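Colleague:
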Amino acid sequence: MTTTQDTRTVFDTGNVGQSSQSQAGQSQQMGSASSSMLTCMQACQQCHEACRKAAFGLSPAAAQDLAADDVRLLMECAELCQLSANWQLAGSQYCRQICTVCAEVCRQCQDRCNDNEGMQECAAACQRCAESCAAMSSM
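First residue of the sequence shown: 1093, per my numbering; consecutive thereafter.
1) In terms of alpha-carbon separation, which member of Phe-1148, Glu-1223, Ser-1126 lies closest to Gln-1200?
2) Please state the DSSP three-state secondary structure of Gln-1156.
3) Could you pull the start and end residues of the alpha helix (DSSP H) that Met-1228 belongs to?
4) Among residues of its own chain, excluding the 5 on either side of Asp-1162, which ones have a beta-carbon nearer than 6 Å to its beta-carbon?
5) Pick from Arg-1220, Lys-1145, Gln-1138: whose alpha carbon is nearest that of Glu-1196?
6) Going by CA-CA distance only, name the one from Ala-1226, Cys-1225, Ala-1216 that's closest to Ala-1146.
7) With a threshold of 6 Å on Cβ separation, who are the neighbours of Met-1129 within its own chain once the five nearest residues in sequence on each side are excluded?
8) From the DSSP output, in three-state form, read off Asp-1161 for me.
9) Return helix, strand or coil for Asn-1208, following the three-state DSSP convention.
10) Based on Cα-Cα distance, which residue from Met-1231, Ala-1160, Cys-1143 lies nearest to Gln-1185?
11) Tell me whether the beta-carbon of Ala-1182 lies closer than 8 Å to the beta-carbon of His-1140.
12) Count the other CB atoms within 10 Å of the CB of Ser-1176; is the residue buried (16 or more) or exposed (fewer)?
13) If distances are taken between C-alpha atoms only, which option among Ser-1126, Met-1133, Gln-1138, Ala-1227 comes closest to Thr-1192?
14) Per DSSP, what kind of secondary structure is Ser-1127 in: helix, strand or coil?
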């Protein structure tokens, strides 16, 4: 009985050591994934806010320069960024797909914002979000 317990203890200790090493590696991977996800969610939230501000917070003179399609794109981008952040937070299995679409829409919105004077803050937020979502979609 002592031999069985000794063998079992040695075996268990060996597995625990391997498990601890594996767990440390997995924890490190999850830590970087969590950090990337947090960065992406923050970029999505900032882009959401910047797009809404650009759509609704412009001066009357600046708003006249925006076409209806531009406002629609700003709102679509804002809503998609919010959806992306929400689904990442919820751990949705569709995060990669949403991030792919979000990155594409953010790039389009960035291009439109770059064409409009006074919308550089929105363009920068869209660029950060597009880059972050593209990175998340490839994880």
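Where a beta carbon is used, it is the ideal one built from N, C-alpha and C, also for glycine.
Quantities reported herein were computed from a predicted structural model and do not represent experimental measurements.
Modeller: If we stick to the structure as given:
1) For Gln-1200, the closest alpha carbon among the candidates Phe-1148, Glu-1223, Ser-1126 is that of Glu-1223.
2) Three-state DSSP puts Gln-1156 in a helix.
3) From DSSP, the alpha helix (DSSP H) with Met-1228 extends over 1212-1229.
4) Taken in chain order, the residues that qualify are Arg-1204.
5) If you compare the alpha carbons of Arg-1220, Lys-1145, Gln-1138 with that of Glu-1196, the shortest gap goes to Arg-1220.
6) Just measuring C-alpha positions, the residue of Ala-1226, Cys-1225, Ala-1216 sitting nearest Ala-1146 is Ala-1216.
7) Cβ-Cβ distances below 6 Å link Met-1129 to Gln-1180 in the same chain, with the five nearest sequence neighbours on each side left out; the list follows chain order.
8) Per DSSP, reduced to three states, the secondary structure at Asp-1161 is helical.
9) Asn-1208 falls in the coil class under three-state DSSP.
10) The candidate whose alpha carbon is nearest that of Gln-1185 is Met-1231.
11) Not in contact: Ala-1182 and His-1140 (Cβ atoms no closer than 8 Å).
12) Burial call: buried.
13) The closest CA to that of Thr-1192, considering only Ser-1126, Met-1133, Gln-1138, Ala-1227, is found on Ala-1227.
14) Per DSSP, reduced to three states, the secondary structure at Ser-1127 is helical.
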